[in-house]
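Notes for the one structure printed next.
Residue numbers (our numbering): 58 to 151.
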């Protein structure tokens, strides 16, 4: 996937993207505007991080990232355990 043409008025969209991503907290509005033109190709590691922020999986405050990831993983494991229990229960009824 290639980025779209440069933003109107010129400017380096890649630098804008990196600057917004580097801010503390992440400047989400600025990041979304810059991401419209794509994630810098020389930084593929940022693509996943961008989507986690854009979808609300990670908060803009970077200091909360580790705790948030731990919380989300615990929620996932709880959900998985409940799903497995429900699945076993429904198989036992059939």
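From the three backbone atoms N, C-alpha and C, an ideal C-beta is built for every residue, glycine too.
Look at the Cβ atom of residue i, then the Cβ atom of residue j, and state whether they are nearer than 8 Å.
i, j, result
"residue 103", "residue 97", "yes"
"residue 91", "residue 105", "no"
"residue 115", "residue 125", "yes"
For the candidate residues the options, whose alpha-carbon lies nearest to that of residue i?
i, options, result
"residue 83", "126, 110 and 145", "110"
"residue 86", "101, 100, 112 and 69", "112"
"residue 101", "121, 71 and 129", "71"
"residue 79", "94, 121, 127 and 117", "117"
List the whole-angstrom C-beta distance separating residue i from residue j, where the pair is believed to meet the contact cut-off of C-beta under 8 Å.
i, j, result
"residue 81", "residue 119", "6 Å"
Where do the N-terminal and C-terminal ends of the alpha helix (DSSP H) with residue i fall, by residue?
i, result
"residue 148", "122 to 150"
"residue 74", "70 to 79"
"residue 102", "102 to 111"
"residue 85", "85 to 92"
Within 10 angstroms of the Cβ of residue i, are there 16 or more other Cβ atoms? Answer buried if so, exposed if not.
i, result
"residue 136", "exposed"
"residue 73", "buried"
"residue 59", "In this predicted model, residue 59 has a pLDDT of only 49, less than 50, meaning its place in the structure is not dependable; the value taken from the coordinates is given anyway. Result: exposed."
"residue 108", "exposed"
Does at least one heavy atom of the ligand SAM sit under 7 Å from the Cβ of residue i?
i, result
"residue 74", "You won't find the ligand SAM in this model; it holds no ligand whatsoever."
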